[in-house]
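Here the sequence shown is numbered in my numbering, starting from 6 and rising by one per residue.
Positions of the beta carbon are idealized from the N, C-alpha and C atoms, including for glycine.
As the structure is a prediction and not an experimental result, all values here were calculated from the model.
Read the structure below first, then the notes.
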Amino acid sequence: MDRATFACSTAFYRDHNSSSQGAFCLPGGHVDFIDKVDSFTYSDFFRDYLIPNHPCIFSAKFTEDWGSRRNWVTWDGKPDFDYLLQKFGEAVVPVANCDVKEYNSNPKEQLPFKEYIKYWKEYIRNGYRSSRGCLYLKDWHLSRAFPEQDVYTTPVYFSSDWLNEYWDAIAVDDYRFVYMGPKGSWTPFHADVFRSYSWSANICGRKKWLLYPAGQEEYLKDCHGNLPFDVTAPTLRDKSVYPRYNQSQPPVEIVQEAGEIVFIPSGWHHQVYNLEDTISINHNWVNGCNVAIMWCFLQDELAAVQREINEWKDPMDDWHLQCQLIMKSCTGIDYKEFYNFLKVIAENRISVLEKGLDDEASAKNTPKAAISTLGMLHAVFDLKRTVKVLTSLSANEDFKKLDLTSLSPPPEALLHHLKAAIDTALL
6 MDRATFACST AFYRDHNSSS QGAFCLPGGH VDFIDKVDSF TYSDFFRDYL IPNHPCIFSA
66 KFTEDWGSRR NWVTWDGKPD FDYLLQKFGE AVVPVANCDV KEYNSNPKEQ LPFKEYIKYW
126 KEYIRNGYRS SRGCLYLKDW HLSRAFPEQD VYTTPVYFSS DWLNEYWDAI AVDDYRFVYM
186 GPKGSWTPFH ADVFRSYSWS ANICGRKKWL LYPAGQEEYL KDCHGNLPFD VTAPTLRDKS
246 VYPRYNQSQP PVEIVQEAGE IVFIPSGWHH QVYNLEDTIS INHNWVNGCN VAIMWCFLQD
306 ELAAVQREIN EWKDPMDDWH LQCQLIMKSC TGIDYKEFYN FLKVIAENRI SVLEKGLDDE
366 ASAKNTPKAA ISTLGMLHAV FDLKRTVKVL TSLSANEDFK KLDLTSLSPP PEALLHHLKA
426 AIDTALL
């Protein structure tokens, strides 16, 4: 991060609501296409897309050296089933049935990868029909299962990735996925986990995206406050069911070609179709630009849980703890883990600012190496954003009702350390 971008970002978050999600449509639904690999910088992306929360498309030039684009695709641009079977045939993968709606999502099952590829080949031979329905391999943690494979390199634009930095540190989960599906497979209307950013790269095939800027989803809710499963369904035009649909703006539509990367802003709901047999790689990620949006989302999720079990508040001694447990089961995180998330992010940056990076660490693909690559001013920006959210978390009444004695260091001590590190770095 250069000084001009640091100054720009500092001014933006000083003058604007830090939880703003860019709740407006782009002029004419236009989405920028970025083609200049050599001249488009991280600061360009940070300033023009991360801060204002705007989508964009990166051309296939940005992925042309990926191993997956060389090895997973046949000469005519189709999935190379033979190669994929050779490398991953014995893996067990999550597969969703796109033809079945269950609790407002597609039901999933675990299948051997070789069985899924057999199904996919038969599905193509039968004219994209099967008695088993349209099956879509989704949310496969391939990089975690096969770390030795040369699949892709995360573009520098997406390298400030707090979600995967944290979950890698605790060795529990990650938010890096592979998707593989036949023509006609699709993902229903949704926003990404924790209202994170996402990037999605097509290794082969084509996708159609329907994007709704944050806030537009409010007009798409039915009379009970539920979002639609399929935003293209004719029932949305029934005013008795969807009374505010006619106030919504048309979606931003993107057709993504092979090799291209789509950047999806924080909090933007979307629906996605595979127009051809398609393989894609996707990351969800959070950073200093949208961590406040994540925090607002968590507060909304807890409030929803509290409303659901409000009748048990008086008779249940540990009602506040139970709300946290339910929230974690639904969203994957509670307030105490969110504190630990912020702590890990902060401590990694403090370490780099205070101690620098030794030669061994800088040569490795580590979070601290990534922090160093983005520059010391980026680390300071991250700490400033962490201070903002941590201050809000520490003052939150629901957080203060929890047993915080297990948190180390205590929130007040961590905040003091963060502020001191920022002051020292800016001397």
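When burial is assigned at 16 or more other CB atoms within 10 Å of the CB, is residue i buried or exposed?
i, result
"D387", "buried"
"E365", "Here the model assigns E365 a pLDDT of 48, short of 50, so the residue's position is not dependable and the matter cannot be decided."
"P248", "exposed"
"R134", "exposed"
"S271", "buried"
"R19", "exposed"
"F4", "Outside the modelled stretch of the chain, which goes from 6 to 432, sits residue 4, for which no answer is possible."
"G210", "buried"
"V394", "buried"
"K360", "exposed"
"E222", "buried"
"R312", "exposed"
"V296", "buried"
"S136", "exposed"
"Y108", "exposed"
So the candidates are the options; which of them puts its Cα closest to the Cα of residue i?
i, options, result
"M185", "S110, E258, P99", "P99"
"T192", "T158, D166, L140", "L140"
"F194", "G94, W273, I208", "W273"
"N102", "D323, D81, K83, G138", "G138"
"S397", "L420, H383, T378, P414", "L420"
"V246", "I259, V260, T237, K226", "K226"
"P233", "Q276, G210, A206", "Q276"
"V97", "K106, D85, G132, A150", "A150"
"V42", "V36, F17, E69", "E69"
"F17", "Q115, R52, T237", "R52"
"A430", "A418, P415, K389, H146", "K389"
"Q115", "E95, Y108, E107", "E95"
"F118", "K92, E107, S136, N109", "K92"
"I286", "V267, D40, A297, I298", "V267"
"N231", "S110, D166, N401", "S110"
"A176", "V349, A426, H383", "V349"
"M299", "L382, N315, W167, R312", "W167"
"S165", "A425, H383, S148, H35", "H383"
"P256", "H21, V36, T15", "V36"
"D305", "K244, F199, V357, W125", "F199"
Determine, using beta carbons only, whether residue i and residue j come nearer to each other than 9 Å.
i, j, result
"D7", "G293", "no"
"F63", "Y162", "yes"
"W71", "I208", "yes"
"N251", "K188", "no"
"V385", "F50", "no"
"N345", "A219", "no"
"L347", "T391", "yes"
"L412", "I355", "no"
"W204", "V260", "no"
"F403", "L307", "Sequence inspection shows Asp at residue 403; the Phe mentioned does not correspond to that position. A contact, by the Cβ cut-off of 9 Å."
"D282", "I129", "yes"
"I284", "P84", "yes"
"E258", "L216", "yes"
"C13", "F38", "no"
What does a CB cutoff of less than 6 Å around residue i pick up in its chain, not counting 5 residues either side in sequence?
i, result
"L55", "C294"
"S73", "V156, Y157, I208"
"D144", "P99, F182"
"Y224", "R249, Q252, S253"
"E127", "none"
"A399", "The residue you asked about is not Ala; residue 399 is Ser in the sequence shown. Closer than 6 Å at Cβ, skipping near neighbours: P416."
Per DSSP, what are the beta-bridge partners of residue i in this structure?
i, result
"V291", "In the DSSP output, where bridge partners are listed per residue, V291 has none listed."
"I39", "F63"
"C209", "I284"
"L419", "Paired residue(s): none; L419 is not in a bridge."
"I259", "W214"
"W204", "F268, H288"
"E127", "Paired residues: none, contrary to the question."
"F182", "N287"
"Q115", "P99"
"N279", "K212"
"W191", "Y278"
"E107", "S110"
"Y145", "The identity of residue 145 in the sequence shown is Trp, whereas the question assumes Tyr. W145 is bridged to V183."
Near residue i, what residues of its chain come up, given a Cβ to Cβ distance below 8 Å and the 5 sequence neighbours on each side ignored?
i, result
"N169", "D179, Y180, R181, H288, W290"
"L407", "H325, L326, Q329, Y340, K341"
"Y88", "N76, W77"
"K333", "D339, E342"
Output needed for residue i: all residues of its chain with C-beta closer than 7 Å, excluding positions within five of it in sequence on either side, in chain order.
i, result
"D173", "D179"
"G264", "A65, T68, E69, R74, N207"
"W317", "W324"
"G82", "C209, A263"
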